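Working notes for the structure below.
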Amino acid sequence: MRIIFPIIFTLILGIISADAQEFYQLQNRWKQSEFIHVQEPSPAVGTIQPGWWSAHWILEPVEGYYRIKNRWRNEFLHIQNGSIESGNVESGWWSAQWALEPVAGTSFYRIRNRWKPEVALHNQNGSLEASAIELGWWSAHWATVSVTSDGVVQQVPATTTVSARNGDNPSAFTPEHNGKIEQASVRYTDQISLSGKISVGSKIYFFPQEVIAHTDGLSFDPKNPPIGGQTFTVIEVTPEVKFDRPMPMMRNRGNDSFSFVIEVF
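Under our numbering, the first residue of the sequence shown carries the number 658, and numbering increases by one thereafter.
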């Protein structure tokens, strides 16, 4: 018994540890019926069956990033050879480490590589790719859907009807001042970051649009934000961008940033 007991105890601990792991499905925002899986076995995106362990992923924290490990194959997503692959990795490979970058005002993430930060996962062209993206691509937005060890979905991302003219969809807008369509991330009355190049004297026009945001404690109507239709002039670009006047106050309980489509001219 002195020999058998530790072995049995170790096995029980192993079972408990395995059951305690958290599994996730990685669901695309643009095509919500599509999930990342390795059923082929190359990494792919598409519809899945409820019992597919090939579509279950373990997010292993590492230095503020994550290794994305498949439950079925015990392999990791990486770009060590350029394109997205699934396989064994070395512990020091930044190519197998990913940032979950929150999409402002939503519960979605961009899955961005640590080794090549310009590279993120998307299905913009119909298949799973790891390459440079546009910030407004819903094809590069992913939900982490929690599932039990039996494959039962525990949480599904909330979906609502959203106008095509929203802050995450630049393709729905055309210039009105012969300028260039860009995106801006706005917080409070004075915090702003822009996707394109600007200079002192640049004009920034905020299109009337819907904002995708967590509504808890929201200080404005997301269907008709007060900044819509306003034009600002850039008076400083370093150390931070400043406009000629404060923006309307926009905040929620989480103090999130909000995405807007703008025209720079």
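Every residue, glycine too, gets a C-beta built ideally from N, C-alpha and C. Keep in mind it's a predicted model, so treat the numbers as computed, not measured.
Practice task
Pull up the DSSP beta-bridge partners for E758, would you.
Solution key: R767
Exercise for the section: Could you tell me which residues DSSP puts in a beta bridge with G616? Expected result: Only positions 658 to 922 of the chain appear in this structure, which leaves residue 616 out of reach.
Handout entry: Beta-carbon proximity check, V802 vs Q684, cutoff 8 Å
Key = yes
Exercise for the section: Pull up the distance between the alpha-carbon of A701 and that of V695, whole angstroms please. Expected result: 6 Å
Handout entry: DSSP state of S859 mapped onto helix, strand, coil
Key = coil
Practice task
Alpha carbon to alpha carbon, how far is Y681 from F917? Give it in angstroms, no decimals.
Solution key: 30 Å
Exercise for the section: May I ask which residues mark the beginning and end of the beta strand (DSSP E) holding S788? Expected result: E786 to A789
Exercise for the section: Determine the contact status of F889 and I861, defining contact as a CB-CB distance below 8 Å. Expected result: yes
Problem - contact_flag[the segment 876–887, the segment 718–728] where n(CB pairs < 8 Å) is 3 or more - result: no
Problem - Secondary structure of A821, DSSP reduced to three states - result: coil
Exercise for the section: Tell me, please, whether the segment 819–838 touches the segment 791–801 by the rule of three or more beta-carbon pairs shorter than 8 Å. Expected result: yes
Exercise for the section: Kindly give me the distance between the Cβ atoms of F915 and G824, rounded to whole angstroms, as I take these residues to be in contact under 8 Å. Expected result: 7 Å
Practice task
Return the chain-ordered list of same chain residues with a C-beta closer than 6 Å to the C-beta of A821, the five sequence neighbours on each side being excluded.
Solution key: A829
Problem - Strand pairing of R724, partner residues [DSSP] - result: Beta-bridge pairing links R724 to E717.
Handout entry: Straight-line gap, L716 to K726 (C-alpha atoms, nearest Å)
Key = The alpha-carbon separation between L716 and K726 amounts to approximately 6 Å.
Exercise for the section: Going by DSSP, name the residue or residues bridged to T801. Expected result: Note: T801 sits in a beta bridge opposite L683.
Practice task
Measure the CB-CB distance between W772 and I741 and report whether it falls below 8 Å.
Solution key: no
Handout entry: Closest Cα partner of R730 within the set G739, A777, S699 and L757
Key = S699
Problem - Cutoff 8 Å; reference F927; Cβ partners in own chain excluding five residues on either side - result: As shown, the chain starts at 658 and ends at 922. That puts residue 927 outside it, with no answer to give.
Practice task
Measure the alpha-carbon distance for L851 versus Q781 and round it to whole angstroms.
Solution key: 23 Å
Problem - Cut-off 6 Å between Cβ atoms - residues of its own chain near A841, not counting five sequence neighbours on either side - result: I849, L851, F917 and I919
Handout entry: Contact belief for S764 with A712 at Cβ below 8 Å, rounded distance in angstroms
Key = 19 Å between Cβ atoms; not a contact.
Practice task
Pull up the distance between the alpha-carbon of G708 and that of R769, whole angstroms please.
Solution key: 27 Å
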